[in-house]
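The structure under discussion appears below in the form of structure tokens.
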Amino acid sequence: MELKALSPYPSSTGEPREEPPINPQEYPPNRDVAPTGRWHLYAVCLLAAFLTVAIGCSQDSYVESGNRDAILYFGNGTEPQSIDPHVLTGSPEATLARSLFEGLVIQDPYTLEIKPGVAERWELSPDGTTLTFYLHPEARWSNGDPLTAEDFVWSWHRALNPRTGNQLADQLYSVRNAEAYNTGAIDDPGAVGVKALDAHTLQVDLEYPDPFVLQKLSYIYNAPVHRATIEAHGGMTERYTGWTRPGSFVGNGSFVLDDWKMQRYVTVKRNPYYWDRDRVHVEKIVFRPIESAATEEKMFRSGQLHATTDVPNSRIPFYRAQSESPLIETPVMTVYYYMINTRRPPLDDVRVRHALSMAIDRDAIAGSVLKDTVLPSNNYVPLGMPDYEHARGLPYDPAGARELLAAAGYPDGEGFPDVTLTYNTSENHRSVAVAVQQMWKRELNLDIEIVNQEWKVYLDTLDQENYDIARMGWIGNTYPGSMLDRLITDGHTNRVGFSNARFDEIINHDIRSNLSPARIMALYREAEQILLDEAPLIPIYSYKSKRLVQTSTEGLPGNAARAFNFKYVVLDPYAPAWQAQTMTP
18 MELKALSPYP SSTGEPREEP PINPQEYPPN RDVAPTGRWH LYAVCLLAAF
68 LTVAIGCSQD SYVESGNRDA ILYFGNGTEP QSIDPHVLTG SPEATLARSL
118 FEGLVIQDPY TLEIKPGVAE RWELSPDGTT LTFYLHPEAR WSNGDPLTAE
168 DFVWSWHRAL NPRTGNQLAD QLYSVRNAEA YNTGAIDDPG AVGVKALDAH
218 TLQVDLEYPD PFVLQKLSYI YNAPVHRATI EAHGGMTERY TGWTRPGSFV
268 GNGSFVLDDW KMQRYVTVKR NPYYWDRDRV HVEKIVFRPI ESAATEEKMF
318 RSGQLHATTD VPNSRIPFYR AQSESPLIET PVMTVYYYMI NTRRPPLDDV
368 RVRHALSMAI DRDAIAGSVL KDTVLPSNNY VPLGMPDYEH ARGLPYDPAG
418 ARELLAAAGY PDGEGFPDVT LTYNTSENHR SVAVAVQQMW KRELNLDIEI
468 VNQEWKVYLD TLDQENYDIA RMGWIGNTYP GSMLDRLITD GHTNRVGFSN
518 ARFDEIINHD IRSNLSPARI MALYREAEQI LLDEAPLIPI YSYKSKRLVQ
568 TSTEGLPGNA ARAFNFKYVV LDPYAPAWQA QTMTP
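This is how it looks when you write it as structure tokens:
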């Protein structure tokens, strides 16, 4: 008898099965629609299967089998759009890519301290404008090829080439002439300030002394890519080619791509050529694309996942009440906001944008809707940014919002055209959108339509700026520029049409002078104030990361940058899957 489709357990090899994960809601079958004879046969089959297993072997959950076989099962949110570090923009893609690529430096997941990556050490010139990196002599690609300084030169030329369409190329703008080459002001990549002095020495000349440059270089978007593999599957700047598929992929991270079943899983396996391979304890990672936080939580509770990306807000009290809780809650440098397409009327009127923002009760969203799992905020730079004094955001002021809307020509919402709020599929995003929709109706008498889209479609919608109002979250690092630098006029991820000459001057000129950190922070505050006054974005809250991690799993701590590094993961081979200690699930 074939019982494979009934089993939520891994195969003896630890490989994920072809069938999708079991949804606990599907068991037992609906007796109301199953004929009595069929149900009786089903019960007999289950009993036979149980007796066979009880006699012949033990049934382990994915987690227990994974602990024993060093296989990590990781909930990763959505199906990745790309794992190319010079193409990807989303969090699920970046998380996966961090297992497959490594830059010159990395961030410690516990402290966010900058640590050696491909570069075993580095030196900064006295004037702060030249960085010299000395690559680890054992650095290799996953096919065994030596990884050289020239690989970084070619990779950064690719990342900055305008034809590549890298939306996060600005993370390299600290490098001399990087911005000029990326924007087309110059067409010679040789003028970019990156040079291979020899096979293991890379010189990086900076456009200006940047105290945050090492943080920027730790981003996965600046990782090297394997030239021969990319050229074998097309030109240097072609996107979405076959080099990122199993069997063709070559990377330099602690893991290498093993298998990819669309909408099912992506598996990566330990890279035997990784320079720090002795630190890597996990043999394989199975990334599950699970858009539903409710499904992800049920899979965790049934022992199918070591870690989740999110937790339904309705389940937070249950996990908080556990004596040995797997819940990790950490404030992170991430902001949740609504983008406003300022190129479309009536959203091109700053009074309308202010009215929309001032009609949102952020405290109610954080408390009643999201169960105190976030920090209400009317600031774009996330709360808790170190050494930073926040600018003044727009207050919750329904009466003032109504006055502004009337002044813009829409008293009590009269004559306001059709406007749509779009979000990517998620229970939490929908909950927030419905709450905001109701607030806009109650306070401003506006009928705003809400629409959800699948993640890949949603990214295309944003890139084409084919929206009125759209949800977005941005993960920064521990300096304000990680949030603000990208919003300059024509910034690659400035999808709202925001343009302000003083804002651009601050980001492109003033901060690039040789200034003290305190002065830089003051300038960033001025830039944030301009952004909040112009209101092309409506900040709603700062995130607190809320994830579930099995107690058998070390190396996936919460941190302010929400950054994972899977080479730090260790699984306890003898630990059982987590079980609730108090309260009934």
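Here my numbering is used: the sequence shown runs in plain steps of one and ends on residue 602.
Backbone N, C-alpha and C define an ideal beta-carbon position, used for all residues, glycine too.
DSSP assignment within the region 114 to 178 yields the following whole beta strand (DSSP E) runs of 3 residues or more, N-terminal first: 122 to 124, 131 to 133, 136 to 141, 147 to 152. Nearest neighbour of ASN576 by Cα position, chosen from ALA450, PHE515, THR149, ILE492, turns out to be ILE492. For TYR238, there is no enclosing beta strand (DSSP E), as DSSP gives it neither H nor E.
The residue from GLU466, PRO415, LEU421 with its alpha-carbon nearest to that of PRO434 is GLU466. Restricting attention to beta strand (DSSP E) runs no shorter than 3 residues, the region 291 to 357 encloses them at 301 to 305, 344 to 357, ordered along the chain. In this structure, DSSP gives ALA597 a state outside helix and strand, which the three-state scheme calls coil. LEU152 sits away from LEU234, with the two beta carbons spaced by 8 Å or more. The shortest CA-to-CA distance from PRO593 to any of ASP125, SER319, GLU119 is the one to SER319. In the three-state scheme derived from DSSP, where H, G and I count as helix and E and B as strand, GLY426 is classed as coil.
Between the C-alpha atoms of SER340 and LEU322 there is a straight-line separation of about 20 Å. By the criterion of at least three beta-carbon pairs nearer than 8 Å, the region 84 to 103 is in contact with the region 304 to 312. Boundaries of the beta strand (DSSP E) harbouring SER559: 554 to 565, taken from the DSSP string.
Residue environment for VAL474: exposed (fewer than 16 other C-beta atoms within 10 angstroms of its C-beta). By the 16-neighbour rule on beta-carbons within 10 angstroms, HIS103 is buried. The region 561 to 581 and the region 409 to 417 do not touch, with fewer than 3 CB-CB distances between them shorter than 8 Å.
Taking the Cα positions, LEU223 is about 5 Å away from THR146. In the three-state reduction of the DSSP assignment, TYR90 falls in the strand class, which pools E and B.
According to the DSSP secondary-structure assignment, MET489 is paired through a beta bridge with TYR354. Judged by DSSP secondary structure, TYR282 falls within the beta strand (DSSP E) whose first and last residues are 282 to 287. Taking all protein chains shown into account, PRO553 has 16 or more neighbouring C-beta atoms within 10 Å of its C-beta and is therefore buried. Taking C-beta separations shorter than 7 Å and ignoring five residues to either side along the sequence, the partners of VAL122 in its chain run ILE131, LYS132, PRO133, GLY134, ALA136, LEU231, LEU234, SER235, following chain order. The Cβ atoms of LEU532 and ALA324 do not sit closer than 8 Å to each other. Following the DSSP letters along the chain, one finds LEU461 in no beta strand (DSSP E) but inside the alpha helix (DSSP H) bounded by residues 444 to 461.
When PHE520, TYR355, TYR405 are compared, the shortest CA-CA separation from THR437 is found for TYR355. By the neighbour-count definition (other C-beta atoms within 10 Å, threshold 16), ASN358 is a buried residue. Non-local C-beta neighbours of TYR238 in its own chain, meaning closer than 6 Å and more than five positions away in sequence, comprise PRO102, LEU185, GLN188, ordered along the chain. Non-local beta-carbon contacts of TRP595 in its own chain, meaning distances under 7 Å to residues more than five positions away in sequence, involve PRO343, GLN567, THR568 in chain order.
The continuous beta strand (DSSP E) containing ILE467 extends over residues 466 to 470. Shown here, ASN395 sits in coil according to DSSP, grouped into three states, outside any helix or strand. If the five residues before and after THR106 are omitted, its C-beta is found closer than 6 Å to the C-beta atoms of GLN184, all from its own chain and listed in chain order. DSSP, reduced to helix, strand and coil, places LYS388 outside both helices and strands of the structure shown, so it counts as coil. Judged by their CB atoms, PHE581 and PHE272 are not nearer to each other than the 8 Å cut-off.
Using a C-beta cut-off of 8 Å, the region 522 to 538 makes no contact with the region 368 to 387, since fewer than three inter-stretch Cβ pairs fall below that distance.
Around the CB of LEU214, fewer than 16 other CB atoms lie within 10 Å, so the residue is classed as exposed. At a Cβ-Cβ threshold of 8 Å, VAL367 and GLU543 do not count as neighbours. Bounds of the alpha helix (DSSP H) holding ASP521 are 518 to 525.
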